[in-house]
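A short worksheet on the structure shown next.
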Ligand code: C2E
Ligand code: MG
Ligand code: MG
Ligand code: MG
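Numbering (the UniProt record's numbering), first residue to last: 408 to 682.
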């Protein structure tokens, strides 16, 4: 009967909750240990202009676990965000990015490095000071730092987001909307904030080859970026056809396996800097 069913459903629901609590607790122990052992690494994937010239890179976090295996961010970032452990982890990544930017500056290269910023991190009251402090410590230029944020952040405390973004933008930090077009885009909001780049999600890039309708969507997004005077970055570029299509439709920067895979930041620097 109905009552019986209801109770069963509650039982199932409770079992699911306690499983996730156990999983989180295990992961928490593992992530804390990993932090202590400095197992979070910054990997960099180049971004190129339409002539294929490197203009910078995106920092992507990797966890090198006990067995020396690399764990992808999809497997640990959501839990790290839930447990607020993303805050110290992001700090470690930012130090590696600051190191990289210092080396680039020393060589007179004005590449931009982009970091993915979680709302949990961004909404910390000492966020701006933390970023400034790390960059001062490494003598790294904040004007060569891009912060990739997602549309989710724009759903949070509007005034706080606005204030933090303005302060960082005054220091020279560039803001980019990551995975643009996949969330709830509040275009009015985007225009009111100091956002100067749209990063077009790889789904749009990859679907554009499939049919005219998808192609129209990609072209409309690139046109919109141009009309708003913000630059556009296309991610997930894998084929020569996509490069051609994006070049013809005015994408400013391209990123994807066609050009480069992410590599450890020291490897990236070795390839980037003159010997
Ligand atoms: P994202 O910021 O959209 O990063 C792009 C993802 O696409 C990366 O996956 C990258 O390796 C992958 N990618 C790049 N080019 C290609 C391509 O041509 N084809 C395909 N199929 N994929 C490509 P990754 O490194 O696994 O990162 C996944 C997501 O994890 C990122 O998506 C970002 O949202 C998050 N993430 C990574 N590092 C950090 C971090 O330091 N902090 C935070 N908060 N999130 C991070
Ligand atoms: Mg990103
Ligand atoms: Mg992205
Ligand atoms: Mg993405």
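All C-beta atoms in this analysis are idealised placements derived from N, C-alpha and C, irrespective of residue type, glycine included. Owing to the predicted nature of the structure, the values given are computational and were not obtained by experimental measurement.
- Taking 3 residues as the shortest admissible run, the region 528-607 contains the following complete beta strand (DSSP E) segments, listed from N- to C-terminal end: 552-556, 581-587, 604-607.
- Assignment of residue 660 by DSSP, reduced to helix, strand and coil, places it in the strand class.
- Contact annotation: the region 506-517 does not touch the region 475-486, with fewer than three C-beta pairs closer than 8 Å.
- No residue range can be given for residue 616, since it is assigned to no beta strand (DSSP E) and is classified by DSSP as neither H nor E.
- The DSSP-derived three-state label of residue 444 is coil.
- Where residue 469 is concerned, the enclosing beta strand (DSSP E) starts and stops at 461-471.
- Sorted by chain position, residues whose beta-carbon lies closer than 6 Å to a non-hydrogen atom of ligand 2 are 465, 523, 555, 585.
- Leaving aside the five residues that flank residue 676 on each side, the residues in its chain whose CB is nearer than 7 Å to its CB run, in chain order, 507, 510.
- Residue nearest to residue 603 within the set 476, 470, 637 is 637 (criterion: CA-CA distance).
- Within the same chain, Cβ atoms closer than 7 Å to the Cβ of residue 669 are found at 450, 451, 452, 467, the five residues on either side in sequence being excluded.
- Counted as a single uninterrupted DSSP element, the beta strand (DSSP E) harbouring residue 522 occupies residues 519-523.
- Buried is the label assigned to residue 644, since at least 16 other Cβ atoms lie within 10 Å of its Cβ.
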